[in-house]
Amino acid sequence: MNALAVEERKAVRLADIRPVLERLAAGGKLVAPVAEAGGFAFRRVGQAEKVRLDFYNTAESPKDLFFPQSEVLFSYDAAGIAVPEPAGEQVLLGIRPCDLAALPLLDRVFGEGPFRDPGYLARRERTVLVAVACDRPRASCFCTSFGLSPGHVAGADMVLYPDEGGYLVRAQTEAGEALMAEWPGEAVAPGEAEAVAARYRSMETPLGRRIRLEGVAEALDGMFDHPMWEQIAARCLSCGICTYTCPTCHCFQLTDEAKGEAGKRVRCWDSCMFPEFTRMAGGHNPRPDKKARVRQRFMHKLNYFVRRWEEYLCVGCGRCVESCPVGLDIAYVIEAVQGVTARA
Amino acid sequence: MRSEAVRAAARRLLEEGKVVRFLGHAPGFDPTSPFPQLITRAEEAERLVLDHFCAPNLAKYLLDYETQEGVTAVVLKGCDALGLARLLADHRVARDRVWVVGLPCPGMLDRDKAAALLPGVQEARAEGDEFVLTGAGGERRVAAGQVLLDRCLVCAVPTPDDADELLGEPVPGRPVPREEDAAVAALEAMTSAERKAYWTEQFSRCIRCMACRNVCPACNCRSCCFDSEEPRWLSRVTDGPAQEMFHFVRALHVAGRCVDCHECERVCPMDIPLMKLNHKLLQDVEELFELERAFVPREVEPLGIYRPDDPEEFA
Amino acid sequence: MKLAYYPGCSSHGSAADYDRSARAVAGALALELVDVPEWNCCGASSAHGADHRLAMYLPGRNLAVAAGMGMGGVVTPCAACYSRLNRAHHWLAEDRRRWLELSAAVGVPYNDVGKPRSLLEVVVGDVGLEAVAAQVRRPLKGLKAAAYYGCLMLKPPEVARFDDPENPRSMDDLLQALGAQPVRWGFKTECCGASLSVSRPELVEKLVGDILDNASAAGAECVVTACPMCQANLEQRRSERHRLPVFYFTDLAGIAFGLSPRELGIPMHLGEPLELLRGKGLLAAGEEGQG
Amino acid sequence: MKRVGVFLCWCGSNISSAVDLDQVAEQTALLPHVVHVEQYKYLCSDPGQETVRKAIKEHALNRVVIAACSPRMHERTFRRAVGSVGLNPHLMEIANIREQCSWVHPDKVTSTPVAVDLVRTAVAKAVKDIPLEPSYVGIEKRALVVGGGIAGIQAALDIADSGYEVVLVEREPTIGGRMAQLDKTFPTLDCSSCILTPKMVEAGQDPRIRLLTYAEVESLSGYIGNFEARIRMKARSVDLDRCTGCGDCWNKCPYRSPGEFDLGLGKRKAIYLPFPQAVPNKPVLDRATCAYFQKDGKCQVCKKVCAPGAIDFEQQDEILEERFGAVVVATGFDLWDHGRYGEYGAGQHPDVISSLEFERLVSASGPTDGKIKRPSDGKLPERVVFIQCVGSRDEAKGVPYCSKVCCMYTAKHAILLKEKIPSSQSYVFYIDVRAAGKNYEEFYRRATVEYGAQYIRGRVSRIYPRGDSLVVVGEDTLLGQKVEVEADLVVLATAVVSRSDAPQVAQKLGFSYDQHGFFTEAHPKLAPVETNTAGIFLAGACQGPKDIPDTVAQAGAAAAKVVRLFAKDQLETEPTVARVDRARCAGCEWCRPICPYKAIEMEAVTERVGSGQVARRVAKVNPSLCHGCGACSVACRSGAMNLLGFSNEQVWAEVEALCL
Amino acid sequence: MSVAEREPKIVGFLCNWCSYAGADLAGTSRTSYPTSVRVIRVPCSGRVNPQFVLRAFQLGADGVLVAGCHPGDCHYSTGNYFTRRRFLLVKRFLDYLGIDQRRFRLRWISASEGPKFAETIREMTEELRQLGPRDAAAVEAHAE
């Protein structure tokens, strides 16, 4: 992990952040967690009082803000082709360390290599990231297994550390500082802020699970035909919950919607778990059964991506484990790969 | 609760070679959410569990083994068995290649309700019409009605009626007929504009993960019309109309065939109240076509037959 | 069964006898008739000649008042009133905006009181022939009667909507139920000249003559009608050679139910109605010769 | 690459006068895939079709859209035209811009956008058209004729003469139908039985016609060329092979009851011959009035006197199962029940009779041996009143239509009356005399001039008895006066109506009928003897009131249609049938119970999955049974079952193209 | 035209044997009716897939009409019985999802009922005019 060198930026302690939220929400540019259907979700917020920072992980990751489920790439009619306006400024408040750590992984896919995605990069560019250190882990969390921690806030413009009696707010970039410019709250000595930050960084998730990742990528090299995949995949429903809730999954499909002489090309999420993901013209499907598809998902996250970018394509947020209706748990797959237990 | 019984059954059936694979439940990362588990060897039977949290319906997995030899054993509660009956009525599964291990179901717990009553709940024991929840946060006795899954509160068929063996004594169904779903009535009371807003908001949260379709025993097509390229019944774009089309078609395609097992609602990651759609159609089918308990599959489905004296509203 | 009763002017004038027998028979059949308070003239045969609005508002007001009484509908003995009330009801039923127009004009709010019915329609339709037969104490055995319907009770068919406008049977069936013998004759619905009796009496005499000739040719011993105007014309505009008494159907019903001629106002008729009844043995000792 | 040619028809001026076709052409040219747009004054004409054919070749069109009249009119015409230049006939779609646009939206401003939309929709559908090849099915070259009246007899004779086998099924014990009950026929005053009986005998003797009398069609299934009929032979209690028709049985039978043939005016025995010239000329035993059946086996006189021993009380109904290639329905008509005119005394006064009853009175084989005797006292009537349109042209009590034949047979009755009773005088109350046929007007003229019939224009309001005669009260609208006629006999010309069980017969045989119960022809002008069900044809009054000349003409036409069908050995069936996509079919059989023609069966297939072979069951459509209704394509949720010609892709494209 | 006067748009699925023939009869007898309807011919009302109906609504139809033969008269004998059952449910379900059921009409129109077809279109157009256009959000945003 390349710990970002944190200069001595401005830090304040805020007892009541409601006025701050009012100001942010007024501009209509605030995306923050709100309570929704028994859980929480990142929504564009109009009234500040809806914002909830005491949230445990949202069902759907904030990935959608940068890599939307449906995005019109361009539309056309008899007059010609029109590319939609790039997204405006916006503030993402409440991004947790695990989701924050997922962004650099997406940046690799959409930002590096021969094809740079203008829409994604523009949205990343114009979004001020206000992270919140994680004080609400769940049983399914295992971010620490990937070298992350509740205090991992690298890449955020600003960070809120939940502290007794309120939040310690700390800017990490100019954008963060600019945003914090008119925030009230008494200044805090940089040393004290760093102490709080360090405390979060070293905190073991109280209920979290430790998974040893050593050698997993290498082990998978030889396990393509291992019988375990059959049994792991047996329970899979081939639905798209794991891939769509995962902050790091980035597969998509292009679809053209035409009506008469006008139409649009839209990029939509796709899931390697869907049988039609690899259906080819003429009906051939290289991954016809669940075994091949489930193996593909874990191989991609724990082997192929690592071979390509030396990083695992997982941040241990636990959403796939929490939402999977049949409990297909990546932690079990990792343990199986290491042969520690045959529990997979 | 019945873990010992299911392990014994699995061991016996696999050892005797009566079946080549056994579908049961095994504990997940959190003991209150066991998950489906396929075992093919007798010694793996130890990993099975059968307690008050075994909600997942295993019937539809039989479709995966239609093309593989050997008989498959499967643990089915009453509602799950209706799912199997649905697959049989749709000629998707051959009954002679299935060995049904029936569980006279005492009712399954709603994991979220239990966690709300006792955070960190690990285990639940039934006592009379109460449950004793135990977990990291200590122990708590609660009334069954507070913690059971909604579907179990009105369960009419707790015991599978064509099981090959039963894990325990049959449990009588709830005699009282399923009363009108209050939620449906509440929606019907709204104006159509209010309902439009309600459903638009609900459908806007759908991430089109297809879990509800893939878990549903009534949705057992070999290739779904949603995946058809030509004609493109369903646009891949997740905008308002397409979401509306998805849920309209999903509900209509199982109208008169849904077995009221609530699995779609349970698996939905975004907690969209799908049963409000299915119950509306279920009630209409029962009322319009004068069918008792339309959720019990019949040889020919209600929309596959007609009566000359069906209600006439279109003269 | 409770009904709003619209007597009409003739009930308080020339047809007081019909009114009396109507109320008596209704009582015998447990039909509670509640007079429409402050009823007004129904416009009879002259209003619609003068002004369409007037012809609608006059009966319309009666309907509005009757609707307010909240009974099982409005009934009237007289065929002319029945025709006018029915016309107004039909006119109102065609277009709801006319309800407001009427209410404004007559100052009484109107809502639908149901199709107005004639007394015959109520007796045959609502009470029913079995119930009538059950009340019969003195069957009118041997009494051959010609049922005369006139026209206002049946036409125009789309408004009256009662019995068969060309070949009615309801009064014949009623007479049968009372034990009498309805004769088959051809002038059941021939016009009796109605109000022409005032302006062209000679015409009415010819019409009435033809009717009574045909009735007697068919072997009738009396004529039975349900309309005071027809009764009056048949009785007063006939020539000497016709002696047939003309009864209201309520008279014969009353006799059959065992009521006395006095209660039914029969002595007020011309001709010798009592003569005929006595001849048929239908008068008890005490009822003889009552003036 | 789809190359669509659009042809806009002016239809003379029917379309061009109400739709701005230039604007339609202009906007159509912009549509994707459209490479050629052309207008023509009469597209359905030969030169019109030639321009289409030429354009197809010239512009290498592989899709054609005809914007003209309803596809129900000329779809076949244009399919043939397109096919004649080698383009598959099913790559052509029709936009109905006449019946459903120009004729109903007269204002050019508002009708043109409708036409533009309809053409765009047709183009969208055409783009999704795929070439369809018909399938061929054998034809059972035997015809079934239902109904043994003159229509059925004529059709049967024509078909048999063309060398094909015919089964003629008649519900009554004898063929002959209504015409047998007539005395003379207009306008020639031919004696009805003189011209009918020979045809009946011919039908009875023709070896290729099998007469099944006292029999009804129980059910009909299958389709054109391959119908299966179940025919119920009702128990006649007489063995037709043995019986010689000698008449001993009906002479000796002691039980008499009102004869149906004579409409109850005369009596007939329990075992009887309906009328002397009956074919087969053998009796039938009416079990309802026969003492053996009603008084448990007492009588048996007929059995005793029957020398050849043809009487068989134990005979039971018998069901025959036969296969046919075509069906001609000729079930005839009934008369309106004049009893509903109480004010005429109809049904109460014996001397108020229907015209058919009068026909029986005047007929030599009738109950009064041809003497017109009043039913009440048998006297010969001096003054007879005929009343027209009793029930016909009568919105309130009867039927709205004109029954077409009454004016002519009433003129005939007036003539016959004068001939039989020279001193008589006939009065005819009429609304309009309709004598439109050949020699009809002259015939009507003779009735008035030569035979002195007094025609009074007006309706009769009432008839009542006076003494032993009847007073007919009516109106003479030409004089503007009320009229009274004292008559000895009144004859009512009652309306012609469909058989009371016509709707059930139509549903049983599988074609539609109108609100009066008359069978619906495929097209009133272009296909009067066909029904919408291929292979089933109509003849005679069952399709609507008509006289004998029209009936015989229709019978000949229907026979011609059958013979035309049998001229081919194979039948080309519509290719627009259902088709299964095996890859998608899950074998769930949702489609099977919904098919009205049982055209879907399941079949086992084996296919490669992964490395192994897998046996599976999928649906299979029998193209010759399938009628292309599409019910299965909606029942099939996955879209595996599709209907060619109206496929999911095509209808979806049409809905999309409408993007309103 | 401003939205208020914009004539409501009706998509009509007409069965070929009865209703389409009825519409043709309205044509041959020159009975004019509003230009609000666009007809799609189907072999039988039983061929109308509810997904076509919803798609029409989504594409901006203010009303959808499905017309077929009177039960018992279907050219395919039982087609419209299934139509009736199916659309008894669909009508209520559309309404339940917020598409006012007065916007959907199934009607039996026989080949001889030309006037009834014209009357149905007039009635529907008038009722839809009072109901007003469908809210913009429900209608798929047009690309142009």
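Protein sequences, first through last, are from chains H, L, B, V and F. Offset between the first sequence (1-based) and this note's numbering: plus 72. Offset between the second sequence (1-based) and this note's numbering: plus 10. Offset between the third sequence (1-based) and this note's numbering: plus 159. Offset between the fourth sequence (1-based) and this note's numbering: plus 379. Offset between the fifth sequence (1-based) and this note's numbering: plus 564. Glycine included, each C-beta is placed from N, C-alpha and C at the ideal position.
A contact between stretches requires three or more CB pairs, one per stretch, nearer than 8 Å, and the region 271-290 of chain H meets this requirement with the region 217-228 of chain H. Residue pairing for Gln418 (chain V): DSSP places it in a beta bridge opposite V:Leu387. Here Glu544 (chain V) is not near Gly527 (chain V), since their CB atoms are 9 Å or more apart.
About 28 Å separates the beta carbon of Val268 (chain H) from that of Leu285 (chain H), a gap too long to meet the 8 Å contact definition.
Annotation for Ala252 (chain B): no residue places its beta carbon closer than 6 Å to its own, counting only its chain and skipping 5 residues before and after. In the structure shown, Leu511 (chain V) adopts coil according to DSSP, grouped into three states. Of all residues in the region 352-381 of chain H, only Gly355, Pro360, Asp361 come within less than 8 Å of chain V when Cβ atoms are compared, listed by chain position.
Contact check for His717 (chain V) and Ala725 (chain V): beta-carbon distance about 4 Å, within the 8 Å limit, so the pair qualifies.
Contact annotation, Cys235 (chain L) with Arg1016 (chain V): C-beta distance approximately 6 Å; criterion of less than 8 Å satisfied.
For Trp969 (chain V), same chain residues with a beta-carbon under 8 Å away, outside a window of 5 residues either side, are Ala1014, Cys1015, Arg1016 in chain order. Lys674 (chain V) is classed as exposed because its beta carbon has fewer than 16 other beta carbons within 10 Å across all chains shown. The Cβ atoms of Arg307 (chain H) and Leu400 (chain H) lie closer than 9 Å to each other.
Where Pro262 (chain H) is concerned, the enclosing alpha helix (DSSP H) starts and stops at 262-274.
As summarised for the region 877-965 of chain V, the continuous alpha helix (DSSP H) elements at least 4 residues long and confined to that stretch are 881-888, 927-945, given in chain order.
Proximity of chain H to Pro411 (chain V) at the Cβ level (cut-off 8 Å) is accounted for by Gly332, Glu333, in chain order. Taking one beta carbon from each stretch, the region 943-951 of chain V and the region 975-988 of chain V have fewer than 3 pairs nearer than 8 Å; the two do not touch. In summary, the residues of the region 382-411 of chain H whose CB is separated from some CB of chain L by less than 9 Å are Gly390, Arg391, Val393, Glu394, Ser395, Cys396, Pro397, Val398, Gly399, Leu400, Asp401, Ala403, Tyr404, in the order they occur in the chain. In summary, the residues of the region 291-315 of chain L whose CB is separated from some CB of chain F by less than 9 Å are Leu291, Asp294, Val295, Leu298, Phe299, Pro312, Leu313, Gly314, Ile315, in the order they occur in the chain.
Around the beta carbon of Ser593 (chain F), a 10 Å sphere encloses fewer than 16 other beta carbons of the protein chains shown; the residue is thus reported as exposed.
Distance from the Cα of Val382 (chain B) is smallest, within the candidate group B:Leu362, B:Gly273, B:Asn392, B:Phe406, for B:Phe406. Chain V places a beta carbon closer than 9 Å to that of Ala150 (chain H), counting this residue as a contact. Close CB contacts of Val680 (chain V) within its chain, under the 7 Å cut and outside five residues either way in sequence, are with Lys631, Cys632, Pro633 (chain order). Residue environment: Val524 (chain V) is assigned as buried (16 or more neighbouring CB atoms within 10 Å of its CB, all protein chains considered). Arg451 (chain V) counts as buried, since no fewer than 16 other beta carbons sit within 10 angstroms of its beta carbon. Residues of the region 844-869 of chain V with a C-beta less than 7 Å from any C-beta of chain B: Arg845, Val850, listed in chain order.
Proximity of Met255 (chain L) to chain F, defined by a Cβ-Cβ separation below 9 Å, is satisfied. Nearest neighbour of Lys28 (chain L) by Cα position, chosen from L:Ala153, L:Glu14, L:Arg107, L:Asp61, turns out to be L:Arg107. With a 10 Å radius around the Cβ and a threshold of 16 neighbouring Cβ atoms, Cys213 (chain H) comes out buried. Ala826 (chain V) is a Cβ neighbour of Lys791 (chain V), given a cutoff of 9 Å.
For the pair Asp748 (chain V) and Gln656 (chain V), the Cα-to-Cα distance works out to about 15 Å. Take Arg297 (chain B), set aside five residues on each side of it, and the residues of its chain with a beta-carbon closer than 7 Å to its own are Ile414, Ala415, Gly417, Leu441, in chain order. Residues of the region 475-487 of chain V whose Cβ lies closer than 9 Å to any Cβ of chain F, in chain order: Asn475, Arg477, Glu478, Gln479, Cys480, Ser481, Trp482, Val483, His484, Pro485, Asp486.
Excluding sequence positions up to five before and after Cys781 (chain V), its CB lies within less than 6 Å of the CB of Ser771, Arg772, all in the same chain and listed in chain order. For Cys1015 (chain V), there is no enclosing beta strand (DSSP E), as DSSP gives it neither H nor E. Neighbours of Val247 (chain L) across chain H, judged by C-beta separation under 8 Å: Ser142, Thr327, Glu329, Val338, Cys340.
Within the region 347-382 of chain B, no beta strand (DSSP E) run of at least 3 residues lies entirely inside it.
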